[in-house]
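> Structure incoming, see below.
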Amino acid sequence: MDKLGEEGVELFSNGNIEEALLRFEKIIELDSENSEAFMRKGDCLDLLGDIKGSLKSYSKAIQLNPDNKIALYNRALTYEKANNIENTKSDYIAAIDLDPTNNSEPNNKLIYHNLGILYGQQSKYDLAIDAFTEAIKIDENYADAYHNRGYAYYLKNDYKKAIENYDLALKIEPDNIFYKASRNVSKAMID
């Protein structure tokens with residue numbers, strides 16, 4: 069089974085998704101309790117556009133191993149594609165809760181960042197700001213989190229705080245044209 073798993077991962081990495089899927093399905097046929105194989109199957113189905121099948125496979129992986137942070141995160145991403153916002157948020161939060169010390173992949177800063185974007189899309193700017201702040205607590209050099217937190221402040225018409233955050237992002241990435249443009253737009257709102 070290990071050989072099948074290695075072959076599946078290799079095929080997946082090389083873009084041979086359908087062949088990889090066959091390997092993971094074979095593992096599941098041999099061991100119906102293999103959480104990793106169900107998660108990998110979900111990854112394949114997601115890339116093949118089978119959102120329903122992908123969600124089913126991720127859910128089985130999580131049922132078999134409730135501590136599978138990657139399966140929760142990947143299922144959240146797939147729920148987001150399906151525009152199921154509540155389940156997306158629930159899975160992001162569950163993935164963070166599984167790993168409060170941030171010792172496993174994916175990094176919680178990425179999850180908080182995604183959660184912040186999701187809240188922003190729902191016009192829940194204070195929650196977005198809180199999520200971006202949590203990402204920054206994990207990595208104080210996370211320029212995108214500063215930028216997106218600035219944008220949330222901008223959407224709240226708090227242009228001074230927006231500029232402060234854009235400046236922090238620009239300290240980290242001084243040549244980023246998007247950060248500069250965002251700062252200029254906010255600056256124009258105060259001048």
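According to my numbering, the sequence shown holds residues 69 to 259 in order.
The beta carbon of each residue, even a glycine, is placed where N, CA and C say it ideally should be.
1) In the DSSP assignment, the alpha helix (DSSP H) including E208 goes from what residue to what residue?
2) Which first and last residues belong to the alpha helix (DSSP H) in which S158 is found?
3) I'd like to know whether the C-beta atoms of N127 and R143 end up nearer to each other than 8 angstroms.
4) Quick one, are the C-beta atoms of A139 and A129 less than 8 angstroms apart?
5) Checking 8 angstroms against the spacing of the C-beta atoms, do A237 and Y221 come in under that value?
6) What are the boundary residues of the alpha helix (DSSP H) that K192 is part of?
7) My output table needs one value for L116: the three-state DSSP class, helix, strand or coil.
8) What number of angstroms, rounded off, separates the C-alpha of T201 from the C-alpha of L113?
9) Got a sec, what are the start and stop residues for the alpha helix (DSSP H) E173 sits in?
10) From E75 to A105, what does the alpha carbon distance come to, in whole angstroms?
11) Can you tell which of N244, P174, N233 has its C-alpha closest to the C-alpha of Y141?
12) Return the chain-ordered list of same chain residues with a C-beta closer than 6 angstroms to the C-beta of S122, the five sequence neighbours on each side being excluded.
13) Note down, in chain order, each residue of its chain lying with its Cβ closer than 8 angstroms to the Cβ of G188, except the 5 sequence neighbours on either side.
14) Please go through the same chain and pick out, in chain order, the residues whose beta-carbon is closer than 6 angstroms to the beta-carbon of I240, but skip the five residues on each side of it.
15) Can you give the beta carbon distance from I258 to Y227, rounded, assuming they're within the 8 angstroms contact cut?
Taking the definition as stated:
1) Per DSSP, E208 belongs to no alpha helix (DSSP H) and is neither H nor E.
2) 153 to 166
3) Here residue 127 turns out to be Ser, not Asn, going by the sequence shown. Yes, these two residues count as a Cβ contact at 8 angstroms.
4) yes
5) no
6) Here K192 belongs to no alpha helix (DSSP H), and DSSP marks it neither H nor E.
7) coil
8) 34 angstroms
9) Counting along the chain, E173 falls outside any alpha helix (DSSP H), and DSSP gives it neither H nor E.
10) 12 angstroms
11) P174
12) G110, L113, D114, T146
13) A196, N216, Y219, A220, L223
14) N209, A211
15) 5 angstroms
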